[in-house]
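Contents: one structure, followed by commentary.
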DNA sequence: AGCACGATGCTCT
DNA sequence: GAGCATCGTGCTT
């Protein structure tokens, strides 16, 4: 029996959720077909204090979903062409989320390969492009199959199979936020 | 295998 | 008007 991760899973400290998302199965229904990948990399963005987080300057139109209920998708556009997928965490009113950065394809490989023109899915924008994730999914529930996007229990990675590292791409973010090891990644085999 | 760079447009100051 | 939670290409080692 396949289990979809519940809102209670996401309503916990963001670092915990980020680590526990490694090894889970990200599922997307696209044009009636089921596509899926095992999450292999994720990063935590935690509140207004975290100067690497979009909520660092308070609530705006773009980041509003992060202030909402956990277990929802925060999808935003960046670099003029890329979509990023995050899972909102913690309690309602506290802005935090986990950026899903990479996956290993396990279902719908033919469709994904065509969408990606044979290239990989190890990258936050590559993953959203592979799964057809864009602004229409911003604010969608990750706990309701009707949304067409959710995360299943999968096979959680053991702590010994996870490595941590600084978050990627925060070039102008001040320390310590630039270097805190809030990136979780499946150990390379 | 690694690094530099240009693409490209939305969001917030 | 600047900056951006990136990607793919092309060039250098």
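Residue numbers (my numbering): 520 to 708. Where is the CB? At the ideal position from N, CA and C, for every residue including glycine. Please read all numbers here as calculations on a predicted model, not as lab measurements.
Please list, in chain order, all residues of the same chain as residue i whose beta carbon is under 7 angstroms from its beta carbon, the five residues on each side excluded.
i, result
"residue 622", "545, 556, 557, 558, 559, 640 and 646"
"residue 529", "536, 589, 590, 606, 607 and 608"
"residue 654", "594 and 596"
"residue 624", "556, 631 and 640"
"residue 680", "705 and 706"
Spatial neighbours of residue i within its chain, please: CB distance less than 6 angstroms, with the 5 preceding and 5 following residues excluded, ordered by chain position.
i, result
"residue 580", "none"
Mapping DSSP to helix, strand and coil, what is residue i?
i, result
"residue 650", "helix"
"residue 538", "helix"
"residue 661", "coil"
"residue 684", "strand"
"residue 656", "helix"
"residue 778", "Lying outside 520 to 708, the shown extent of the chain, residue 778 is not represented and no answer is given."
"residue 676", "coil"
"residue 530", "coil"
Near residue i, which residues of its chain fall below 8 angstroms by C-beta distance, leaving aside the five closest residues on each side in sequence?
i, result
"residue 779", "Because the chain is modelled from 520 through 708, residue 779 falls outside the range shown and cannot be assessed."
"residue 691", "none"
"residue 586", "574, 578, 611, 612, 613 and 614"
"residue 666", "592, 656, 659 and 660"
"residue 687", "562, 620 and 702"
Round the Cβ separation of residue i and residue j to the nearest angstrom and send it over; I've been treating them as touching at under 8 angstroms.
i, j, result
"residue 592", "residue 661", "6 angstroms"
"residue 552", "residue 627", "6 angstroms"
"residue 700", "residue 684", "6 angstroms"
Exposed or buried, what is residue i when buried is set at 16 or more other beta-carbons lying within 10 Å of its beta-carbon?
i, result
"residue 694", "exposed"
"residue 643", "buried"
"residue 547", "buried"
"residue 713", "Residue 713 falls outside the range modelled here, since the chain spans only 520 to 708, and no answer is possible."
"residue 617", "buried"
"residue 659", "buried"
"residue 524", "buried"
"residue 521", "exposed"
"residue 651", "buried"
Can you list the beta strand (DSSP E) stretches of 3 or more residues lying completely in the region 560–639, in chain order? 592–597, 601–607 and 615–626
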